[in-house]
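Once you know that position 269 of the sequence shown is 279 in my numbering, the rest is easy, because the numbers rise by one and skip nothing.
A virtual CB, placed ideally from N, CA and C, is assigned to each residue, including glycine.
On a predicted model such as this, the values are computed, not experimentally measured, just so you know.
Beneath this line is the structure, given in structure tokens, with notes to follow.
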Amino acid sequence: MDDTKLSKVERIKDESSYLRGTIEEELQQDIPFTEDNAVLLKAHGMYQQHDRDLRGQKVHSIMIRWRIPAGQISAEQYLVLDDLATRYANNTIKLTTRETVQFHGLIKGEVKAMLQEIHQALITSQGACGDVVRNVTACPAPFHSRARAQLTEYASLLSTHFLPHGNAYSEIWLDGEKVDLLEPAEKVEPFYGKTYLPRKFKIALAYPGDNCLDIFTNDLGFVAIVDDDTLKGFNVLVGGGLGMNHTQPETFPRLSDPLGFVTPEQLIPVAEQVIAVYRDNGDRVNRKHSRIKYLIHDWGIDRFRSEVEARLGYKLAPSAPLPPFEAHLHLGWHNQGDGRWFFGLSVENGRIRDTETVRLKTALAEIALKFQPRFAITANQDLLITNLPPEAQIPVETILRSHGVRLPRELSLVQMHSIACVALPTCSLAITEGERVLPNLIDELELELARLGLQDEPISVRMTGCPNGCARPYVADIGLVGRSLNKYSLFLGGRVDGTRLNKIYKDLVPFNEIVSTLVPLLTYFKESRQPGETFGDFCVRVGFDELLAVQAA
Ligand code: SRM
Ligand code: SF4
Numbered sequence: 011m012d013d014t015k016l017s018k019v020e021r022i023k024d025e026s027s028y029l030r031g032t033i034e035e036e037l038q039q040d041i042p043f044t045e046d047n048a049v050l051l052k053a054h055g056m057y058q059q060h061d062r063d064l065r066g067q068k069v070h071s072i073m074i075r076w077r078i079p080a081g082q083i084s085a086e087q088y089l090v091l092d093d094l095a096t097r098y099a100n101n102t103i104k105l106t107t108r109e110t111v112q113f114h115g116l117i118k119g120e121v122k123a124m125l126q127e128i129h130q131a132l133i134t135s136q137g138a139c140g141d142v143v144r145n146v147t148a149c150p151a152p153f154h155s156r157a158r159a160q161l162t163e164y165a166s167l168l169s170t171h172f173l174p175h176g177n178a179y180s181e182i183w184l185d186g187e188k189v190d191l192l193e194p195a196e197k198v199e200p201f202y203g204k205t206y207l208p209r210k211f212k213i214a215l216a217y218p219g220d221n222c223l224d225i226f227t228n229d230l231g232f233v234a235i236v237d238d239d240t241l242k243g244f245n246v247l248v249g250g251g252l253g254m255n256h257t258q259p260e261t262f263p264r265l266s267d268p269l270g271f272v273t274p275e276q277l278i279p280v281a282e283q284v285i286a287v288y289r290d291n292g293d294r295v296n297r298k299h300s301r302i303k304y305l306i307h308d309w310g311i312d313r314f315r316s317e318v319e320a321r322l323g324y325k326l327a328p329s330a331p332l333p334p335f336e337a338h339l340h341l342g343w344h345n346q347g348d349g350r351w352f353f354g355l356s357v358e359n360g361r362i363r364d365t366e367t368v369r370l371k372t373a374l375a376e377i378a379l380k381f382q383p384r385f386a387i388t389a390n391q392d393l394l395i396t397n398l399p400p401e402a403q404i405p406v407e408t409i410l411r412s413h414g415v416r417l418p419r420e421l422s423l424v425q426m427h428s429i430a431c432v433a434l435p436t437c438s439l440a441i442t443e444g445e446r447v448l449p450n451l452i453d454e455l456e457l458e459l460a461r462l463g464l465q466d467e468p469i470s471v472r473m474t475g476c477p478n479g480c481a482r483p484y485v486a487d488i489g490l491v492g493r494s495l496n497k498y499s500l501f502l503g504g505r506v507d508g509t510r511l512n513k514i515y516k517d518l519v520p521f522n523e524i525v526s527t528l529v530p531l532l533t534y535f536k537e538s539r540q541p542g543e544t545f546g547d548f549c550v551r552v553g554f555d556e557l558l559a560v561q562a563a
């Protein structure tokens with residue numbers, strides 16, 4: 011490879027002394043981090059941002075993302091998050107589409123103190139962003155089952171296994187002991203090496219039949235094969251990813267391909283070799299073309315599999331048969347099967363906060379204190395309150411209701427199935443609004459669906475402020491993707507179970523015309539659908555030409 015062609019980020023990583031850069035020095039200064047250090051900060055779980063509502067002036071802050079495998083947190087950890095969000099961040103806890111938490115609005119000079127506090131609660135931000143393996147997701151539903159418990163354990167195992175090995179995080183943020191920087195790369199960072207991965211890498215583990223986390227959109231996915239509650243192994247999926255760019259046709263969303271079957275013992279070695287093939291062959295010149303999905307698209311899955319098998323020294327078994335997937339939101343009350351219950355709470359766009367009318371943050375802190383449950387964050391940005399005794403059901407509901415929180419049974423299906431990404435004002439890549447405007451759109455759509463008698467349809471609406479796809483809009487029945495000021499590309503035809511990508515139906519739809527654009531299509535769906543057909547399936551069956559004709563009529 012001609013090193014002069016490598017992307018700027020590759021140079022920054024290469025010269026960073028294993029992600030140190032001059033972060034420690036710049037931390038002492040009362041000015042924003044320089045660009046190179048801002049790049050390196052991502053591997054420490056942080057983004058330097060500015061408030062985009064404040065035009066004409068750049069007020070910088072830090073966003074921090076925690077690494078919470080399978081979204082699992084104890085009551086004590088939840089209370090620490092709640093407290094730190096109040097004291098250091100903007101008093102909100104943002105549940106993300108990868109089962110973890112982000113804080114926004116931190117002051118640079120306070121980050122270190124906060125990281126030291128949270129370290130005591132065994133939560134880290136190390137490797138939550140950057141060119142490494144990110145937070146590992148797994149189906150978070152706590153049904154009493156040995157196989158499900160193992161799935162959660164594998165998420166933690168993978169997360170820990172692929173944490174950067176170097177000492178930079180500990181030295182900079184936790185005052186850890188300084189290590190000898192002249193050690194060879196094989197010793198300092200034995201798996202990643204000096205330049206880490208070409209790009210971010212995402213791993214998920216799904217329970218058979220339950221695609222609550224959109225397994226096919228991950229770089230690497232493991233679907234459990236379970237027989238009589240015994241984990242037999244996993245079907246491996248590789249090459250999913252959603253980011254694209256409106257003006258670069260060589261970028262596109264892609265669902266993963268089957269690689270084969272692995273036993274539980276083979277899981278880590280196979281994950282290592284898949285990632286190593288990517289590490290050594292992924293595009294380090296053009297970051298828009300760096301994800302593993304492009305390598306697999308360019309090579310084909312057979313060549314990729316052969317490369318992995320050559321490194322493993324054995325052939326992978328063929329994928330095992332699986333039941334069809336459904337998308338479970340895990341909301342409402344569920345018997346865990348161990349004498350305890352869990353309550354899935356729909357959190358609008360994953361934002362836990364107190365407003366004048368809804369004091370969700372206070373209510374959850376009260377529940378955490380009073381019942382000491384566990385919590386689990388879903389990939390739909392919702393929160394499961396788990397391990398509750400049956401007698402807690404009424405008091406938990408009472409606390410939520412007395413703080414103005416609506417329970418899942420009071421919400422429409424479209425609301426429960428809808429998510430938006432953060433977008434403005436913090437995201438530097440946002441072209442349009444996301445989480446701040448979706449609730450209004452859903453209110454309007456809800457009324458139209460009720461008028462059409464479609465209120466019992468699980469139609470998913472996912473909105474993002476740009477084409478990067480953080481709320482996974484490209485698998486939704488209705489995807490809304492920020493295109494230009496206040497205008498969205500409208501995608502139709504995905505499946506709520508996450509097994510099919512949608513396609514662009516109409517471009518540059520002004521925000522206030524989205525619902526009126528959808529109404530004729532939903533009316534036609536109501537009149538012409540086949541029994542049991544979903545809105546996404548209907549759009550694919552009749553085709554966009556027919557839908558456009560209906561719209562024009
Ligand atoms: Fe994302 C970048 C937020 C899930 C694809 N994403 C960003 C950044 C960090 C913007 C930036 O680079 O400056 C956003 C921070 C906004 C803010 O102010 O908080 C951001 N992404 C999010 C979150 C918080 C959305 C949410 O509302 O929940 C999700 C955090 C996940 C986590 O906890 O780790 C989030 N991002 C996703 C997903 C969904 C998923 O992984 O299931 C995707 C699509 C899947 C994929 O990776 O392909 C996703 N985010 C991107 C991309 C496009 C990457 C690409 O291949 O082109 C970017 C841009 C980039 O990396 O350059 C991005
Ligand atoms: Fe930002 Fe775009 Fe991701 Fe939304 S989809 S959070 S606007 S990068």
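* To do: Please say whether Thr110 and Ala85 have beta carbons closer to each other than 8 Å?
  => no
* Asked: Out of Ile387, Glu458, Leu417, which has the shortest C-alpha to C-alpha gap to Arg108?
  -> Ile387
* **Ranges of the beta strand (DSSP E) found wholly within the segment 39-64, counting only runs of at least 3** => 56-60
* For the ligand SF4, any of its heavy atoms closer than 7 Å to the Cβ of Val432? -> yes
* **Sheet register partners of Ile83 (DSSP bridge)** => Phe385
* To do: Taking Ala234 and Phe244 to be in contact with their CB atoms under 8 Å, please state how far apart those CB atoms are, rounded to whole angstroms.
  => 6 Å
* Measure how close the beta-carbons of Tyr515 and Leu557 come, nearest whole angstrom, since I'm counting them as under 8 Å. => 7 Å
* Status (buried if at least 16 other CB within 10 Å, exposed otherwise) for Ile117 -> exposed
* Whole-angstrom distance between Glu35 and Pro449, CA atom to CA atom -> 43 Å
* So the alpha helix (DSSP H) Phe73 belongs to, where does it begin and stop? -> Per the sequence shown, the amino acid found at residue 73 is Met instead of Phe. No alpha helix (DSSP H) holds Met73; the beta strand (DSSP E) holding it covers 70-75.
* Asked: Near Asn359, which residues of its chain fall below 7 Å by C-beta distance, leaving aside the five closest residues on each side in sequence?
  -> Gln391, Ile429, Ala430, Glu445, Leu448
* So does the segment 21-32 actually touch the segment 309-316, counting three or more Cβ pairs closer than 8 Å? -> no
* Asked: Does the Cβ of Ala486 lie closer than 7 Å to at least one heavy atom of the ligand SF4?
  -> no
* Euclidean distance between Cα positions of Asp487 and Met426 -> 14 Å
* **Range covered by the alpha helix (DSSP H) that runs through Val368** => Premise fails: Val368 is in no alpha helix (DSSP H) and is neither H nor E.
* Look up His114 in the DSSP assignment and say whether it is helix, strand or coil. => strand
* To do: Compute the minimum distance between the beta carbon of Thr591 and the heavy atoms of the ligand SF4, and state whether it is under 7 Å.
  => Since the displayed the chain opens at 11 and closes at 563, residue 591 lies outside it and no answer follows.
* Could you say which of Gly140, Ala159, Gln87, Ala157 lies nearest to Glu127 if we only look at CA atoms? => Gln87
* Asked: Is Ala337 close to chain C, meaning its C-beta is less than 8 Å from at least one C-beta of that chain?
  -> Looking at the structure shown, chain C is missing, and only one protein chain is on hand.
* Evaluate Thr544 with the Cβ neighbour count: other Cβ atoms within 10 Å of its Cβ, from every protein chain shown; 16 or more gives buried, anything less gives exposed. => buried
* At what residues does the beta strand (DSSP E) containing Asn291 begin and finish? -> No beta strand (DSSP E) holds Asn291; the alpha helix (DSSP H) holding it covers 277-291.
* Please state whether DSSP places His344 in a helix, a strand or coil. => strand
* **Burial state of Pro263, where buried means 16 or more other Cβ atoms lie within 10 Å** => buried
* Note the first and the last residue of the continuous beta strand (DSSP E) segment covering Phe271. => 267-272
* Nearest-angstrom beta carbon gap, Gln59 and Ser438 [assumed within contact, 8 Å] -> 6 Å
* With DSSP run on the structure shown, which of helix, strand or coil describes Leu326? -> coil
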